[in-house]
Each structure stands twice: as structure tokens, then as C-alpha cells.
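Structure first, commentary second.
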Amino acid sequence: MRVFLLFIFLIPLASTAQVKYNSESKKLYSKALKEYKAGKTVEALKLFEACVAADSRYVEAYLNISNIKYASKDYASAVSNAQQAYSNNKFAPAVYSQLGKSFYMNGQADSSKLYLEKGLSMGNTSESDRFFLAKSYLQTEDYDKAISQLNEITKTSDKNAAIFNARGRANYLTGNYENAEADFKKALELQPKSTVAFSNLANTVLVSGKTDDAIAYIEKGMVDAKDDDKVQMLILSGNYYHEKGEFENASKAFDDAIALDAKNVVVLNNQAALLLDQDQYESAISKCNEALDIQPEMMEAYFNRGIANEMLRKVEQACDDWEHAFILGSEKAEEYLNSATCNE
Amino acid sequence: MNKMIRNILTLAFVGLYTIATAQDKDIPFDKRLFEDKAGFSEASKNIKKGDFEFFDGSSDNQAKALGYYLKANEFNPYSSMLNFKIGACYLNSNQKFKSLKYLEFAERVNPEVDENIKFYLAQAQQLDGQFDEAIANYRSFKDQIKQGDMVQRQFINKKIEECETGKKLKANPTRVWIDNLEDSINTEFPEFSPVISADNRGLFFTGRRPDSEGGKIDKTGFHYEDVYYAERGFGGTWSKSKNIGVTINSDSHDATVGLSPDGKSLLIYRGINSKNGDIFITREKEDGNWEEPVSIGDNINTEFHESSASLSFDEKTLFFVSDKPDGKGQHDIYMSNWDEETQAWGEAMNLGDVINTEYEEKGVFFHPDNRTLYFSSNGHKTMGGLDIFKSIYDAESGTWSEPENIGYPINTPDDDVYFVVTGNERYAYYSSYQDGGKGEKDIYIITFLGDKKDALLADANLLEMDYAPSEDVASNNGGDIINNGGDIVENINIAKKTLVVKGKVIDGKTKNGIAANLKIINTKTNKTVKEVVTNPDGTYSVMLPAGEDYALTVSKDSYTIASQSLKTTKKDASTEKTINFELFPPVAGSEFTLRNIYFDFDKSNLRDVSVNELNNLVTVMKSNPTMIIELSGHTDSRGDEVYNQQLSEARANVAREYLIKKGIDKNRIQTKGYGESRLEVSNEEISKMKGWNAKNAGHQKNRRTIVKVIRE
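Here it is, written out as C-alpha cells:
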């Protein structure tokens, strides 16, 4: 009798110490988990969804639904399910992890950063959490913080090419091309056929003036490049030939790129730059206008259009263009604005 | 009908063939060759008249000769001799560019037309920018020259050198626009020698127009030179140019020579002929009229030819050109300094070998930047005739830099003189006789475009790699990794019951959020549980185990510290608490409260956990070495008032002793006990609180140490 009474007493305690969901939902959850572990995600999803229908407070179920949606690249749905989990439990670190990476993949870096930082303060220091936080920092231009997170990861894990690639990007964006090159080389070492690594390496060496090394990376990277990546490789190729003064090759590369992506403002702008160097000012303006129609805040297009306008003797328009370019961050444009050209 | 058409076509063909072949054939003025005897006779007369003027050799006569020759040329354009003479006349005129086609024809149809044909043709080619062809013809001509004729050979060598310079300059042209000034300035008559104010608002120049004062015409066929002027507003066009009037313009030649940078002092040239002109100066009066020009003095004007002059920005230095005998050769550039004592220009000094050569130096202009001298010379490396050069004066060493040719297309193979630059160096003006001009000489504006502006390339984007956690990577054999969703969530284990503590740190003065260091200590274990830096906007959020007591301290360089205490129970699990902080700069009069200096109830000995708070205070004191503080102890209202007063004093002194032990000078720490006299939470408020915990928290708030900054 005493044992029985003790048992009766313990159940509520045990219950309150652990799960508070209804029994039907718990059964469904248990089945779902079994299916999920067996790799049967379709069945698992149905069961998890039935689970939350039975008990809308089921945090774990929401998190697993979010996971499944994430894996199938339905990031918007991953976010909404993670948010459901969050609304039921704001104190579980796993919720912040899932919210963070789902938001990131859904293109919402500010939200991603917010939740991952909270998760970090709660002790979420896994490679994945830090990596997505680093990427969020990259998106929101907190490059030093990105590097800091990636450095923490590489202290214990140095076999993941994506980590080094991300750190390479951060270093590149802070102007530290030497470190960027080293990181991209490491990424390439870990993934020897990676178009991404070749492309980023080529980009880095071009920007840091090691033009001769670039073409080898570009050519190797083109081998397995898919269309989207191919456009970037062609841009790199065009820029390389432009630097070398091989205008015909540059023009061909840009033409090939625009054939793959007609609205690529980088290509349009660089075609304009090429035309400027060949004194074809009207055509250059036309390309700049095309780019600005697609991306009205493109600094390079305003800057180049300014040059073309000046050479066509439209000095007032040139100065207007440089003013736009200056507002968008061009220091050179500021120099031109302060010169005698724009100041009678 | 068909036969008639055939005959017409045949005749037409023969006629065309004749014309075509005549273009490569020399047809001399032989009356046997021309059916039109009257026309031939007229043409021959013109040739004789032309020869009469031509062989006189002077440029004025050559101009007349040209007129006669051109008339004869209308009758027979295929005479090599006539073409040669026309070409030679043009070479000696202001329309040198017209000489080439005549000389080319002459040389093509009759290479023996004149022993100097190669020389003349070379000059015409040089003027046309055909430097390689010109060099070939100069060399060919040089072969004809006697070996002993060093003067001639040297002259030809100079011409060849000019062509080499021309090639280099043309290969690297200066980036400029050169435009004929508008109709308000240039007319069908000669306009030249422009001078401008530094701000590019006032333009004076020499014109040879019918409204010239006196109305006389000289042997060139043009009216005497007069000074004209025009003005323009900001960003505007030039006003209609006007004759400056009788005060400045006489019935002799009056030409512009120089203008002060402010446009108020005008230097003019007056001279009946080109051999002994002098320089005069006039100043604009307040009413806009000009003073009677006066000679700039005997140290400048001599019996020789003084033409161009230019004033420095402060009008204390005058640069001028003279062909007086003590120079290096022909015209040289001199300078003179204004003598305040004698109120006259001082002795003229030759600028020396760096500037002046044995050849001509003319057309001087000293820029308002007070160090750049522009001048024309055919003694330095020119591409033909006079070219414009610039040299920079180094005030430290007192020397001029090696003159630099300002480049093509400003400089041409012909004479380029009288070049002036605006103060901002964006524009320059000069006069030139060019094909397409409005009249004989015209004034042109040069716009300097500066260095080529490089187009901006947009960088290719950096690419992202797909990510998978490292343990997955280890099991993969390379290639791109596909994302997985992450760990399967089984149970969210909240065995550790936690609460969220969040808040914001702000600057107490500006109320803006600031990044600061937050340290959280478990006051039971005296262990640091969290040490974070708040976000740049001051916000923070941390998770703490519920059921513990904490001391929270915020600190930042250049600020004092702020602290709060937090008591929690297990019931606080899964809740949020907000604790905000204000930090103040350590300025005199400011106060901050230390809430984590703990004494046991009714005791004045420090508890271990208190040293953390005091250590923070030590840091602030050491960072502000001149700061003097008052430590004031406060108690809660429990116990006897007098006793509490003594207790608070004792507690303040204990804290002081600790600081002294940590190296803070005792003179920097004052103490005061306030007992229960300054409760932060009144007894009335405490009595209204529900529960022992709440009341205790109220009493805890009253038990504090306040730090007041007496001196920064």
C-alpha cells in the first residue's frame, strides 16, 4: 500500500519534471520519432504534424518538422515551425539553434543573428551554431565577429572546407587578401574539385594583383561549373582579360556571361567599363543605364556613367553621376567632385 | 543614235583620262600648250608680278606674291614651278597648313623643280604631323648640303630633332579639349594674345578689327592692333567683346601683354613697329574706367623690343620678355622685383640658362600659384616652331626646374605662343591660326581633362559552399556536401531550470546604449557564472540557473561602474527578468551605487563576495588616478538609529581600508555614514510589499554603498 501511494505521488512529480503533453500526442510523437530515425521522413512528417494537431504545445515535434522542412530546402516552413516551437518554449537552446539556421537559409540574416546570439549566450557553441552565426555576421557585414566565430570552430575542427571558405570570404571582405587566399587554398585542399574554391581563389588573387595566377584557377574552376557559378567564373575571366588589356577576350567572356544571365548588373557594368576603355562612350552609357534600371544603387555604374558623360562633354551630368557614386561610397568620385571639373 | 551615244562616251572618257593623267604630269607655262591665249597671257602677267614680290623675300611681299600666283593657278593648276612657289608662299604665311598639297604636287610631278623642294616639302610635312616623311626629306636635303656648311647642317639637325620630339609628343597626347571661343570673342578678323583674370571672369585680348582706334591699316592689310575685353558670369558665356576705349587704345598698335590675377591691372604693349615696343601698365578705377597707361619704367623698357609680361599674384614680381643684347640669344625672359622704397620696378634679371636659350623665349605667363612659369620657346625640345613650356620655381633652392613641353595637341609643329592658365588650372587660353577658325587668328580655350579616369570594374561575387557539420564531412569522400536538417530532437531537457535575465546598459548622460562588460557572480559560491560583453546597443540576454543569488556588475573604460543584485528562487525558472544599468563618466558630483558589497547583518566585516565589487572600484580608481571619492555607507531601517549610523560609518571605513590595501592613496578616499537616514525604499513602501521575500528585497536595496566623485 505504502509503495503504491509513493508511486502515485511520484507520477505527478515525474510528469511535471518532464513532459506535459497529452497522451495522444505523446503516442504520435513516439511513432514519428521511430519513423524519422528509420529515415522515413515522409511518414515521420505526417506523424509529427498529427502530433502538433493533437497538442499544439509540442515543442519537440515542431522542431523536428522544422528539421524535415529544412532538409527539403523549404526554409520558410522551417522558420515558421521553429517559431511555433519558440512560442511554446523560449528557454530551450535547441529552439534558438533551429530558428537561427532556418532564418539564415531563408535569407533573413538579421533575425538569424539575433537568435543565434541568444543561443550562444545560452551555451549553444556547436560548430553548426557558430558557423551559421558567422554567416549571419557576414551577411550583416560584421566581418570581425564572423572571423571570431570561425576561428573558434577551427580550433577544434579543421577538416571542413565550408568553414575555411567562409573565413576566406570574411578575410576578403575585410581586405585581408593574404589570409583569404590561405583560407581558400585550404578549402581547395579539402575539396580539390570545388568550383567555389577555384572561383574565390581567382577572385582573391585578381584583387590582390596576382593577375597571372588567376587564369589557372579560372580555367580549372570552369571545368565542373554549373550555370550560376559559370557566370561568376566568366566575370572573373572578363576582368582578368580587361586588366591584361586583351579587350577582345574580355568582351567575349562578358558576352558569354550575359547570355547565361541577361540581368547580371556586374556583367553589364563591366561591359560598360570595357567600352569606356575603348572610347565608346555612348555605348558605355547605355550599358550603365541598363545596370541601373535593374539595380538603382549600383555605385560602379554611376561612377562609370560619370566618366562617359564627361568625355561626351556633359560635365553637369557627369558631376551628378559622381555625386550619386560618392553617396554610395566611392572615394574616387569624391575626388572628382572636389576637382576643378565639378567646381567652376 | 547608238553611234552618237558611243561618241559622247568616248569623248567623256578621253577628257577624264586627260584630267587624271594631268594630275601626275607637269604642265609648264608654255604658250604652245594652251589654246586660250588671252587666259595664258593674263596668267603669265600674274606670275611675273608674283615673282617680283616673291623674290623680295619678305613675308609681306610673299603674301602679295601668293595672291598673284593663285590667280595664275586658276588658269593652270598643274605647273610644278607655280605649285612650288605657292607652297613656299604659304609656308611663309599664317596659313602654313595650306602649303602641303602644292609642294607634294610639285615634288611628285617634278622632283627637280627646285633644289630646295625637299626642304620645303619636309617643313610642310612636319607642320602636317607627318614626321617620318619629314625626317626622310630633311635627311635627303641634308645630303645635298656641303659638308662645310655647319650652320645649315645644324639647322637641319634641329628640324629632324623637332620631328622626333613631335613623334613622341603625338604618341602621348595631353588629355584636353581645344575649342574655338564663341562668336562674342572671335570674328573674321584676327584675335590673339588673350590674358585672363585668375577667376576666369575677365578676358582681354588683342584684335585687329575695323573699329580699331584711328582706323589705320598697316602693310599686312589688317587694322592696327587694339585691346578688347569681355566678361562672363559664374558658369556663363562670354559677353560680346568690346574695344576697351581711347584711354588705353591709341592710334598706334596697342596690344595685350599681361593681366594681374585680380584683373585690375592690365599690361599693354605700345609700339609703332615690332622693333622697339614698350610695356605700359594701367589700372581699373572704381568707376570701371581705366587710368592712363604709364610706362613700367626704364629698368624694364629699353630701346629694344619688350613684348610679353606677367605679374605675380602679389604684383611684386614682374616677368617680361626682351631682346636686349645682354641675353642668351634673341628674346629672353627677365624678372624684376617691385622696390617699395623707390616705388618702381627694380633692375631686370635674366632668368638664366635653365629657362633662356640661344633661340627665342617669348610669351611669358606666371601662374597665380606663385611658382609655375609658362613660356614659349623654340630653343628647348619643341615639335616645331615655338612650343609652350612650363617650369616650376623651387623657393628653397632658388632654382627653376627643367622646362617641360606641355604636350600635343596644345603644342603643334607651328608657333604656339601667348598661353595663359586660369587660377584653378582647369582652363587655358591661347591664340592660333587653325583650319576651321573664324578669321585669321582666333582665340581658343583649352580644357584640361587631367589623367585618364579609369573605369571601375565590379568584382565577381564570392561564392558560398554548401555546409554540413564536420562529422558528416568525415564520412564523405569529397565533392559537394548536401545539407541535412540537423540532429533529431527527442526531448528538450530542461532539467536545469533556468531563467532569462536581459536588459540594457546605457550612458547615464546621453541615454544611448553602450557596449560594456557584464560580470555575473553567484553570491553563494562566489563563482563567476557569466562574463559577457553587451551588444553595441547595450542590450544583453543571458540564461541563469534559477534558485541562486547573483551580483551583476557592469563596467567600461572611461566610466564608473554600476551594479545590481538579483535573488531568484526555483519558481523563477522559465521566466524573464529585466535588469538595466546606467553608467556615468567619472565627473565631479556624479554618484554610483554599489549594491554587491555585502556585510552580514549587524556586522561590518566584508563578505568574500564583496571583494569583486570593490576590485571593480579599485580598477576605476586606478584608471582615474586623480579621482577623489566619498564612500558613504547606508543601512536599512531595522535596528536602532544611532546604532545604524555607527554601523554605516564602520562599513564605509572597512571598504576604505580594502581600497587602501589595494594600493589606492588614502587621501583619495573620504568616508561617511548615513545610517538609515537616506533610505532608497521607504518603510512605508516596504510595509506595502507582499511577502517576506519582497520585503527583504526592499531592505536589501537600502543596504548599499554609494560612491560619490568629489574630484575627477
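Going down the list, the sequences are from chains R and V. Quick note on my numbering: the first sequence kicks off at 1 and runs consecutively. Quick note on my numbering: the second sequence kicks off at 345 and runs consecutively. All residues carry an ideal CB built from backbone N, CA and C; glycine is no exception.
Just mark residue i as buried or exposed, buried being the case when its beta carbon has 16 or more other beta carbons within 10 Å.
{"i": "V:Gln469", "result": "buried"}
{"i": "R:Asp110", "result": "exposed"}
{"i": "V:Glu985", "result": "exposed"}
{"i": "R:Glu310", "result": "buried"}
{"i": "R:Lys60", "result": "This sequence places Glu at residue 60 of chain R; Lys is not what is there. Buried."}
{"i": "V:Asp598", "result": "buried"}
{"i": "V:Phe792", "result": "buried"}
{"i": "V:Gly431", "result": "buried"}
{"i": "V:Met348", "result": "exposed"}
{"i": "V:Ala839", "result": "Any reading at V:Ala839 must be qualified, since the residue scores a pLDDT of 43, below 50, and its modelled position is unreliable; no value is offered."}
{"i": "V:Ser604", "result": "buried"}
{"i": "R:Thr204", "result": "buried"}
{"i": "V:Val845", "result": "buried"}
Short check: CB of residue i to CB of residue j, under 8 Å?
{"i": "V:Ile736", "j": "V:Arg715", "result": "yes"}
{"i": "R:Phe326", "j": "R:Ala333", "result": "yes"}
{"i": "V:Met887", "j": "R:Met105", "result": "no"}
{"i": "V:Lys668", "j": "V:Thr701", "result": "no"}
{"i": "V:Lys1052", "j": "V:Ser976", "result": "yes"}
{"i": "V:Gly852", "j": "V:Thr883", "result": "no"}
{"i": "R:Val315", "j": "R:Ala291", "result": "no"}
{"i": "V:Gln488", "j": "V:Glu459", "result": "yes"}
{"i": "R:Phe278", "j": "R:Phe247", "result": "The residue asked about is misnamed: residue 278 of chain R is Gln in this sequence, not Phe. Yes."}
{"i": "V:Met965", "j": "V:Ile1008", "result": "yes"}
{"i": "V:Ser814", "j": "R:Asn160", "result": "yes"}
{"i": "V:Ile677", "j": "V:Glu636", "result": "no"}
{"i": "V:Arg1012", "j": "V:Met971", "result": "yes"}
{"i": "V:Lys440", "j": "V:Asp786", "result": "no"}
Using a Cβ cut-off of 7 Å, pull out every chain R residue sitting near residue i, in sequence order please.
{"i": "V:Pro813", "result": "Glu127, Ser128"}
{"i": "V:Ala802", "result": "Val266, Asn269, Asn270, Glu300"}
Where DSSP assigns a beta bridge to residue i, which residues make up the other side?
{"i": "V:Ser551", "result": "This sequence places Gly at residue 551 of chain V; Ser is not what is there. The partner list for V:Gly551 (beta bridge, DSSP) reads V:Glu535, V:Asp570."}
{"i": "V:Lys871", "result": "V:Asn866"}
{"i": "V:His978", "result": "V:Gly1019, V:Arg1048"}
{"i": "V:Asn861", "result": "V:Val877, V:Ser899"}
{"i": "V:Ile750", "result": "Its beta-bridge partners do not exist; DSSP assigns none."}
{"i": "V:Phe710", "result": "V:Leu717"}
{"i": "V:Tyr773", "result": "V:Val764, V:Ile789"}
{"i": "V:Ser666", "result": "V:Glu650, V:Asp676"}
{"i": "R:Asp320", "result": "BP columns for R:Asp320 are empty, so no partner."}
{"i": "V:Pro889", "result": "V:Thr842"}
{"i": "V:Trp343", "result": "In the structure displayed, chain V extends from 345 to 1056; residue 343 of chain V sits before or after that span and is not available."}
{"i": "R:Gln98", "result": "Its beta-bridge partners do not exist; DSSP assigns none."}
{"i": "V:Thr743", "result": "V:Asp738"}
Output, in chain order, the set of chain V residues within a Cβ distance shorter than 8 Å of residue i.
{"i": "R:Asp277", "result": "Ala799"}
{"i": "R:Ile327", "result": "Correct list: empty, because the minimum Cβ distance to chain V is about 15 Å."}
{"i": "R:Asp74", "result": "Simply none; closest approach about 11 Å."}
For a contact defined as C-beta to C-beta under 9 Å, what are the partners of residue i on chain R?
{"i": "V:Ser918", "result": "Asn89, Lys90, Phe91"}
{"i": "V:Phe578", "result": "Glu344"}
{"i": "V:Glu1128", "result": "Since the first residue of chain V shown is 345 and the last is 1056, residue 1128 of chain V is not available in this structure."}
{"i": "V:Met887", "result": "Phe91, Pro93, Lys118, Ser121, Met122, Gly123"}
Can you pull the chain R neighbours of residue i, defined as C-beta to C-beta under 8 Å?
{"i": "V:Glu892", "result": "Correct list: empty, because the minimum Cβ distance to chain R is about 16 Å."}
Quick check: is any heavy atom of the ligand GDP less than 7 Å from the C-beta of residue i?
{"i": "R:Lys20", "result": "Inclusion of the ligand GDP in the displayed structure is not the case, the ligand content being empty and no account of it being possible."}
Anything in chain V within Cβ reach of residue i, meaning under 7 Å, just list it in chain order.
{"i": "R:Met222", "result": "The premise fails here: R:Met222 is roughly 13 Å from chain V at the closest Cβ pair, so nothing lies under 7 Å."}
{"i": "R:Asp229", "result": "Leu807"}
* At least 3 beta-carbon pairs within less than 8 Å: the segment 164–181 of chain R vs the segment 205–216 of chain R -> yes
* **Stretch pair the segment 892–906 of chain V + the segment 956–965 of chain V: three plus CB contacts closer than 8 Å** => yes
* To do: Say whether the segment 298–313 of chain R touches the segment 800–808 of chain V, bearing in mind that this needs 3 or more beta-carbon pairs closer than 8 Å, one atom from each stretch.
  => yes
* Asked: Touching or not, the segment 522–537 of chain V and the segment 550–567 of chain V, by the rule of three or more beta carbon pairs under 8 Å?
  -> Look at the beta carbons and you see the segment 522–537 of chain V touching the segment 550–567 of chain V: at least three pairs across the two are nearer than 8 Å.
* Touching by the beta-carbon criterion (3+ pairs, under 8 Å), the segment 227–243 of chain R and the segment 252–261 of chain R -> yes
* Asked: Between the segment 857–875 of chain V and the segment 912–924 of chain V, do three or more beta carbon pairs fall short of 8 Å?
  -> Touching, no, given that fewer than three Cβ pairs across the two stretches are closer than 8 Å.
* Asked: Quick one: any contact between the segment 535–542 of chain V and the segment 497–506 of chain V, if contact means 3 or more CB pairs under 8 Å?
  -> no
* To do: Please confirm if the segment 588–598 of chain V is in contact with the segment 504–524 of chain V, defined as three or more CB-CB distances below 8 Å between the two stretches.
  => Touching, no.
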